[in-house]
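Residue numbers (the working numbering): 838 to 934.
We put the CB at the ideal spot given by N, CA and C, even for glycine.
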């Protein structure tokens with residue numbers, strides 16, 4: 838369940854690009870009572886799809902899911918290797934010893 842207030846997207850030109858509209862709702866999902874769109878068509882609550890909250894990542898039975906989709910183990914391993922090699926210089930030093 839996305840931990841956000843969803844929007845029903847009435848008359849919104851950006852709804853297909855907004856996470857508040859496109860996120861999968863749960864049985865207990867909250868929604869804006871009225872669309873948060875202003876008269877000029879802009880929205881202070883617009884949430885671009887690529888800026889999804891970190892809460893969407895879940896770990897179940899040792900596997901990682903993002904927005905309900907299983908992340909392949911090879912992808913996780915490649916990200917882990919990249920983090921170790923680029924952000925933690927102490928790890929390179931330990932490998933050389």
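Measure the C-alpha to C-alpha separation of residue 895 and residue 878 and round it to an integer number of angstroms.
So the two alpha carbons sit approximately 34 Å from each other.
Among the residues of its own chain, which have a CB less than 8 Å from the CB of residue 907, if the five just before and after it don't count?
A distance below 8 Å between beta-carbons, with the five flanking residues on each side excluded, links residue 907 to the following residues of its chain, in chain order: 900 and 901.
Boundaries of the alpha helix (DSSP H) in which residue 902 is found, first to last residue
Taken as a continuous stretch (DSSP letters only), residue 902 belongs to no alpha helix (DSSP H), being part of the beta strand (DSSP E) at 900–903.
Comparing alpha-carbon positions, which option in 920, 850, 916 and 842 lies nearest residue 865?
Put simply, of 920, 850, 916 and 842 the residue whose alpha carbon is nearest the alpha carbon of residue 865 is 842.
How would you write the range of the alpha helix (DSSP H) that residue 859 sits in, first residue to last?
Here the alpha helix (DSSP H) through residue 859 covers 856–859.
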